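Visitor: For reference, the structure I am asking about is given below.
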Amino acid sequence: MTFEPLSSSPEKIAEMSRMATAILREHYDPIVGKAQNDYMLVVNQSETAIRGQLAKGYRYFFVKEGERTLGFLAFFPRGGAMYLSKFYLYKKERGKGYAREMLAFVTRAARAEGLAAVELNVNRHNETTRIYERLGFTRLREERIDIGGGFFIDDYVYRLPFSE
4 MTFEPLSSSP EKIAEMSRMA TAILREHYDP IVGKAQNDYM LVVNQSETAI RGQLAKGYRY
64 FFVKEGERTL GFLAFFPRGG AMYLSKFYLY KKERGKGYAR EMLAFVTRAA RAEGLAAVEL
124 NVNRHNETTR IYERLGFTRL REERIDIGGG FFIDDYVYRL PFSE
């Protein structure tokens, strides 16, 4: 498995946006509904949104195996931890053990910066909460966040602290 950094080229940003839209539409339409997911995709995964996130220090990566793209991830340092903002695979690639390798990549980046943990938010109704718990994350709290457009997200916040 390889992790190809997202460059700032318009073509690569467009490719990332298309892939993110496809994966997140498939995954989140059933959880939050199409209207909210449409809104979230524009705010978070449009080409404009991705360019803005890159400018703020997000690190996006295409997750690949050979020439095949499996999914993507994005993270950035926040408050003593590496915040894992995006951690997604195409549906056909899930359940194959890729998540462990992806998390190891994020963990190495966090440790290289002297950070103490990896943190993330996950929708409370998302079945991936079980996956994060199997990967060693513990639930810290619940959050209800107004994301604009009349929409809210109901999340759990998870943390994976590093042992010494």
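Mapping of the sequence shown onto this note's numbering: residues 4 to 167, in sequence order.
Cβ coordinates follow ideal geometry from the N, Cα and C atoms, glycine included.
Just so we're clear, the structure is a prediction, and the values are computed from it rather than from any experiment.
(1) Would you please state the rounded distance, in angstroms, between the beta carbons of P80 and A119? I believe it to be under 8 Å.
(2) Is the beta carbon of E136 sitting closer than 9 Å to the one on R144?
(3) Just to confirm the assignment, what range does the alpha helix (DSSP H) spanning S88 have?
(4) Figure out for me which residue from V45, R127, Y161, S166 has the closest Cα to the Cα of V247.
(5) Applying the criterion that 16 or more other CB atoms from any shown protein chain within 10 Å of the CB defines a buried residue, is I148 buried or exposed?
(6) Check L123 in the structure and name its three-state DSSP category.
(7) Could you name the residues of the same chain whose beta carbon sits closer than 7 Å to that of T131, not counting the 5 residues immediately before and after it, in chain order?
(8) Would you list the residues sitting across from A77 in a DSSP beta bridge?
(9) Taking only three categories from DSSP, how would you classify F140?
(10) Closest to L138 by C-alpha separation, out of G152, V121, A23, G151, would be which residue?
(11) Can you list, in chain order, the stretches of the beta strand (DSSP E) that have 3 or more residues and sit fully within the segment 4-53?
(12) What would DSSP say about R111, mapped onto helix, strand or coil?
(13) Helix, strand or coil for R133? Go by DSSP, reduced to three states.
(14) Using only CA atoms, which one of D158, Y161, F154, F108 lies nearest to Q39?
(15) Tell me whether the beta-carbon of F44 lies closer than 9 Å to the beta-carbon of T24.
(16) Sort out for me which residues DSSP pairs G151 with in a bridge.
Guide: In brief:
(1) Position 77 of the sequence shown, counting from 1, holds the residue named residue 80. Position 116 of the sequence shown, counting from 1, holds the residue named residue 119. Actually they are not in contact, since the Cβ atoms of P80 and A119 sit about 11 Å apart, beyond 8 Å.
(2) Mapped onto the sequence shown, residue 136 falls at position 133. Mapped onto the sequence shown, residue 144 falls at position 141. No, Cβ-Cβ distance for E136 and R144 is not below 9 Å.
(3) For the purposes of this step, residue 88 is taken as residue 85 along the sequence shown, with counting starting at 1. For S88, there is no enclosing alpha helix (DSSP H); the enclosing beta strand (DSSP E) covers residues 84-92.
(4) This structure leaves residue 247 out entirely; the chain is present only between 4 and 167.
(5) Along the sequence shown, one-based indexing puts residue 148 at 145. With fewer than 16 Cβ atoms within 10 Å of its Cβ, I148 is classed as exposed.
(6) The residue you call residue 123 lines up with position 120 of the sequence shown. In this structure, L123 counts as strand in the three-state DSSP scheme.
(7) As a working note, residue 131 is residue 128 in the sequence shown. Leaving aside the five residues that flank T131 on each side, the residues in its chain whose CB is nearer than 7 Å to its CB run, in chain order, V125.
(8) Translated into the one-based positions of the sequence shown, residue 77 becomes position 74. Per DSSP, Y63, K89.
(9) Looking up residue 140 in the sequence shown gives position 137. Note: F140 maps to coil in three-state DSSP.
(10) For the purposes of this step, residue 138 is identified with residue 135 of the sequence shown, where counting begins at 1. Considering only alpha carbons, the answer is V121.
(11) Counting only runs of 3 or more, we get 5-8.
(12) Counted from its first residue, the sequence shown places residue 111 at position 108. If DSSP states are grouped into helix, strand and coil, R111 belongs with the helices.
(13) Residue mapping note: residue 133 aligns to position 130 of the sequence shown, counting from 1. Here R133 sits in helix by DSSP.
(14) Counting from 1 along the sequence shown, the entry for residue 39 is found at position 36. Restricting attention to D158, Y161, F154, F108, the CA atom closest to the CA of Q39 is found in F154.
(15) Numbered from its first residue, the sequence shown carries residue 44 at position 41. Numbered from its first residue, the sequence shown carries residue 24 at position 21. In the sequence under discussion, the amino acid at residue 44 is Leu, which differs from the Phe named in the question. Yes, Cβ-Cβ distance for L44 and T24 is below 9 Å.
(16) Against the sequence shown, residue 151 aligns to sequence position 148. For G151, which the question treats as bridged, DSSP gives the partners F154.
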